[in-house]
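Read through the structure below, which is laid out as structure tokens, and then see the notes.
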Amino acid sequence: MILIFVVAVFLTSVFIGIPLVWAILITAVLPIIVFDLGYPLQALFLNFIGGVEPNHFLAIPLFIVAGEMMSRGGVGLRIIGFARAAFGFMAGGLGMVVVGASMIFGGISGSAIADSAAIGSVMIKNMSREGYNTAFAAGLVAAAGTIGIIIPPSIPMLIYGFVGNVSVADLFLGGMVPGILFGALFMAVCYYVGKTTKCDPGGRTTTFKELTSSFIGTAPALFMPIVILGGIFTGWVTPTEAAALAVVYGLFVTTVVYRDFKLRELPRLLIDSFVTSAVVMVVIGATTVLGWLITLEQMPQILVGFVQAFSTGPWMFLLLVNVVLLVLGLVLDPVPAILLTAPLFLPTAQAFGVDPVHLGVIMTCNVAVGLFTPPVGATLYVASRISGVGVLSIARNMAPLYIAAIAALLAVTYIPFLSMGMVNLFR
């Protein structure tokens, strides 16, 4: 009964427009009052503060600073140049450039919004000039940008790892192949559109010299994910230390190597990054409070019993995870969606023998799809603002991309090797 009440209060609060943090806190407080649970309200404050105190959460603002730094420099243009040299000769080549550049940039910034803004500001106009439907071009930028939170480093994976006590290194390894799969299917859509509409039939020629030159120009930026992931996977640094290393390396590349970021811009960048980080941390504090209530009232155990009673196996549970997260993705950003559902889904997954890393990758892929799904898809609004095309108009032209994303999501869900193959190789 309390579980149903909690879900009803939260969904009602969100749909009537109450700000997310207040909606979460109301959802935590009302059951205590309505059902006279007897918990002291002071405990809410203590759990809120305790939720944001752990040192490992320092990785979040540090990765945000590193991503902002790389996106504000000329790194995006260099990555687009390299992707164009690599994919421009094929049918749908310009669309593939968007996807390829987003995959590379995502491995540097770890942010879907920064990815969409950096790539979209250049490529949407270029695709429109080539003959692509502007709405489709904007939709492709919105969809491809979300690969940035699947391919490591990924802030939602960091959050899931910290909340669920799951290895961040394993999660990052698990996200590599699914990220590539999403990118490959989006590229297949680009090939189909370019070929059938004849807006981008291919045929451009790229010499080996041009490819080599563009790679050399991009190499300092491409080395950043190697520094981050290599340090984590080898055990030389923790994820938090890797985030600090990313900031130092990003500052060196943008100010010394490329020289397109001025130190006088640093205070403004830090303020913007810390505002973003503060929003994330406040949400973490609020969801810690709700998680405390959920744990004390044994709601995960109730959910396990419910799912086991109506499920014929883990495949049904994983289908439930996908449905719940796709629906939540319509109204929530990735971080709160992960924070709210991970404490509920993890015990159930363990009861069904689903690896926590596999579950984390599935959840991240789901919230990535939510980022380019109306009504509140963040990358969708970024692409809309850049292109000048309405959100609903963009969404109507994204049907092939939605089909590709759902196909990739189902493959990641029901073929564990895609997310666990790399993990098992290095365990």
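Residue 1545 in the numbering used here sits at position 200 of the sequence shown; the count goes up by one each step and never skips.
Idealized CB from N, CA, C, for every residue including glycine.
Here A1750 is actually not in contact with A1533; their C-beta atoms are around 12 Å apart, not less than 8 Å. Taking C-beta atoms under 8 Å as the contact rule, V1768 and V1702 qualify, at a distance of about 6 Å. Measuring C-alpha to C-alpha distances from F1402 to each of M1626, V1374, A1514, I1561 identifies M1626 as the nearest.
Taking C-beta atoms under 8 Å as the contact rule, G1440 and I1492 fail to qualify, at a distance of about 14 Å. Following the DSSP letters along the chain, one finds A1436 in no alpha helix (DSSP H), marked with neither H nor E. Every unbroken stretch of the alpha helix (DSSP H) spanning 4 or more residues and falling wholly within the stretch 1692-1759 is given here in chain order: 1701-1716, 1723-1732, 1736-1741, 1744-1759. Look at F1380 here: in three-state DSSP terms it is coil, with no helix or strand label.
Counting along the chain, the unbroken alpha helix (DSSP H) around I1639 starts and ends at 1611-1641. DSSP places D1678 in the coil class of the three-state scheme, outside both helix and strand.
Given a length threshold of 4 residues, each whole run of the alpha helix (DSSP H) inside the stretch 1515-1587 is given here in chain order: 1553-1579.
Nearest neighbour of S1447 by Cα position, chosen from L1614, V1508, F1434, I1425, turns out to be I1425. With a cut-off of 8 Å on Cβ pairs, the stretch 1552-1564 is not in contact with the stretch 1386-1403, counting fewer than three such pairs. Distances from the alpha-carbon of I1496 to those of T1600, V1734, F1531, A1457 put A1457 closest. Non-local C-beta neighbours of V1511 in its own chain, meaning closer than 7 Å and more than five positions away in sequence, comprise Y1505, P1701, V1702, G1705, ordered along the chain. The beta carbon of R1429 lies closer than 7 Å to those of V1442 in the same chain, with the five residues before and after it left out. When secondary structure is reduced to three states using DSSP, T1657 falls in the coil class, being assigned neither helix nor strand. Per the coordinates, the alpha-carbon of I1494 lies some 18 Å from the alpha-carbon of V1624. With distances taken between CA atoms, R1474 lies nearest to C1544 out of C1544, R1741, L1356, F1662. Annotation for G1484: the continuous alpha helix (DSSP H) segment containing it runs 1479-1490. Around the C-beta of D1515, 16 or more other C-beta atoms lie within 10 Å, and the residue is accordingly described as buried.
For T1599, there is no enclosing alpha helix (DSSP H), since its DSSP letter is neither H nor E. The three-state secondary structure of G1509, taken from DSSP, is helix. Scanning its chain for C-beta atoms nearer than 8 Å, with the 5 sequence neighbours on each side dropped, one finds around I1577 the residues V1513, A1514, F1517, T1583, P1584, A1587, in chain order. Burial is judged here by how many other beta carbons sit within 10 angstroms of a residue's own beta carbon; A1353 has fewer than 16 and is exposed. Using a C-beta cut-off of 8 Å, the stretch 1724-1741 makes no contact with the stretch 1672-1680, since fewer than three inter-stretch Cβ pairs fall below that distance. In its chain, beyond the 5 residues on either side, V1534, Y1537, V1538 have a beta carbon closer than 8 Å to the beta carbon of P1745. Linking I1469 to I1347 through their CA atoms gives a straight-line distance of about 48 Å. Within the same chain, and ignoring the five residues on either side of T1621 in sequence, the residues whose Cβ sits closer than 6 Å to its Cβ are I1409.
Your pair N1742 and A1480 checks out as a contact, with CB atoms roughly 4 Å apart and the cut at 8 Å. Sixteen is the threshold: since fewer than 16 other Cβ atoms of the shown chains lie within 10 Å of the Cβ of D1381, the residue is exposed. Contact annotation: S1764 and V1508 have beta-carbon atoms that are not nearer than 8 Å.
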